Every structure is written in structure tokens, then in C-alpha cells.
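Report on the following structure.
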Amino acid sequence: MIVKNQQNEIATIRKESEKRLSPSALPPPQKKKLGMEDYMNIMIRQLQYQDPFHPMDNRKFASQLAQFSQLDQLVHMNKKMEGMANQGRETDALQMVGFLGREVFLKGNRFIKGEHQEATLVFHLDRPAHNATVYVYGAKHQLVRSFKVGPMDAGDQHVAWDGLSNKGSKAPAGGYEFEVVARDAKNRPVPASPLRTGVVTGVVFSGTKPLLEVNGERVDLGQITHVGMAKSTGLPPLSPRQTPPGPAPKIPGMTPRVAPGAYAKAPGKTGPTINHTL
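Residue numbering for the sequence shown is 1 to 278, as defined by full-length UniProt numbering.
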């Protein structure tokens, strides 16, 4: 009985071993890509084991050398192209820093309305328009306000929305969308492209290309149609040698400085005295 049990255990172990060592159970071998060294080793082995009575044809050998040279050139060219691409990305990143503080115009019809603010809507007209109707939609694409403007010239146009709905109530703060339907004097449609405006407040260097931060949103450079002047404080620039207007303040105990060549006059005298210039 004991011998039979041992035989059963041995048979079970054998079946399990055969199952684990079977070719289907082994992982598939990983294919290795041939490189320049492998190509050179194959060519050297071909020369080493060639038949001395039937040596390799010189033309075939020269053809293989040419193929190896082309492969080497392609590898080096690929490395150079990668280096140039990296330099181009670095240059683009440095150029995008110049957008900081500038007003940019973006493609899109979305805008944010403040709590107690009216919104300025910007759009571009391809041709002069006799009149245009601006439609403002809410978050659920419901019509909030429509109003007419015009006439207008071709180019960028700025119109103000007072923040009121068609019912006369104040629209809540949040995100909105708008569209413009424009027509010329002959009642023909004029293409109108909605735009968004904002000031670049930062540059994000993440991913494959840098992004600009505009109104708290990360935008790609391809979304920008044009760039405006940098925002200023409204104060004129101060020259390094500029001084405030008016006479210089008097300091007690100090003698006023006299221009070179001038003579200070003593009290009660009309003639020249000793030069007291400092």
C-alpha cells in the first residue's frame, strides 16, 4: 500500500514537472534588435569562414561595406536631429518667456463674468459690417442676452455686455459663451470670429512643449492669434538723471553751489570777490 502511494506521488510530480517544463509554459524569447556591432560581427564571421577556394565576391563585399556606412550615417544623423530638436525646444521655451505681462488674443468664445462687472466681448470681422447681433449663452447653452451693435469696420471689435439678461435682471457670475451674427449693407453675412483676451501671467515647462498661463488657464501657443502691448502701470518712465521739478531744497549750514566761472558777491559790495565755488 505504501509503495503504491509513493508511485502515485512520483507520477503526480512527474506530470507537474512536464507541465512546467513544456515549451508552451515557457515565456516567449525576447527578440533582440540588431545594431551596428551585430552587423559588423556578421560581416567579420562571413569573411572568417568563407571558402578559400571560392572567396567572397569583391562587389558583394563592397556593397555590404556601403550598407554598413549608410547605416552608421543614419544613426549619427538621427542623434544630431534629436539634439537639434532639443535645442529648438529650449529656444522656444526661452522665447515664450517674452510673453509674460503681455495681452494676448485667443481663439474661442468662452469668457468669465465677475459678480459686479460688465464683460467685454472681442471678435474679429473679415469685412466691414453694417450691423451685428451678439448672443450670450449660459452654462447650459441657454440664451441669456442678445443685443445689436454696429456699424463696424473690419478687424478686431470690442463690445460691452452690461451683465443683464433679456428680462432685465442681473446675470450671475460664472462662465458664458457668445457668438456674433454680422451682415453688411447689402444684408450679406460677414464672417465673425469670437476671441478671448487675457494677460500672460506665467509659462509652464511641462510635457513636450511649454504652455502659457492666461487667466488661470494653460493654453498652447497655436491658440494665440496675435499679441498686444505689455501692460504698464500708467506712469511715465523715469530717466536715471531725472529730478523732480522746482528749486532744490535748502539745507541749514550749507553754502549754495555756484556755477563754475561765477563769483559770489559779498554783502554791500558790487565788484567781484573771491571765487567760492566748491
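The C-beta atom is built at its ideal place from N, Cα and C for all residues, glycine as well. Because the structure is a prediction, the values reported are computed rather than measured.
Coil, strand or helix - residue i by DSSP
i, result
"His141", "coil"
"Leu211", "strand"
"Lys148", "strand"
"His54", "strand"
"Ala192", "strand"
"Asp72", "helix"
Whole-Å CB distance - residue i paired with residue j, under 8 Å assumed
i, j, result
"His130", "Gly150", "6 Å"
"Lys107", "Thr201", "In fact, because the Cβ distance is near 19 Å, the residues do not count as touching under 8 Å."
"Val190", "Arg127", "5 Å"
"Val203", "Leu195", "Val203 to Leu195, Cβ: 21 Å. No contact."
"Val136", "Trp161", "6 Å"
Where the beta strand (DSSP E) containing residue i begins and where it ends
i, result
"Glu118", "Glu118 -> no beta strand (DSSP E), and no H or E assigned at all."
"Lys107", "102–107"
"Gly174", "174–183"
"Lys113", "110–113"
Neighbour-count burial assignment, residue i, 16 or more Cβ in a 10 Å radius
i, result
"Val180", "buried"
"Val97", "exposed"
"Ala132", "buried"
"Arg188", "exposed"
"Ala62", "exposed"
"Phe53", "exposed"
"Thr277", "Its pLDDT being 46, under 50, Thr277 is placed unreliably in this model, and the coordinates cannot settle the point."
"Met229", "exposed"
"Phe205", "exposed"
"Met152", "buried"
C-alpha gap between residue i and residue j, whole angstroms
i, j, result
"Gly175", "Val75", "52 Å"
"His158", "Lys80", "48 Å"
"Glu177", "Thr197", "14 Å"
"His116", "Asn109", "21 Å"
"Lys209", "Gln142", "37 Å"
"Leu164", "Arg145", "7 Å"
"Met77", "Glu37", "18 Å"
"Gln67", "Gln46", "15 Å"
"Gln95", "Gln64", "46 Å"
"residue 311", "Leu125", "As shown, the chain starts at 1 and ends at 278. That puts residue 311 outside it, with no answer to give."
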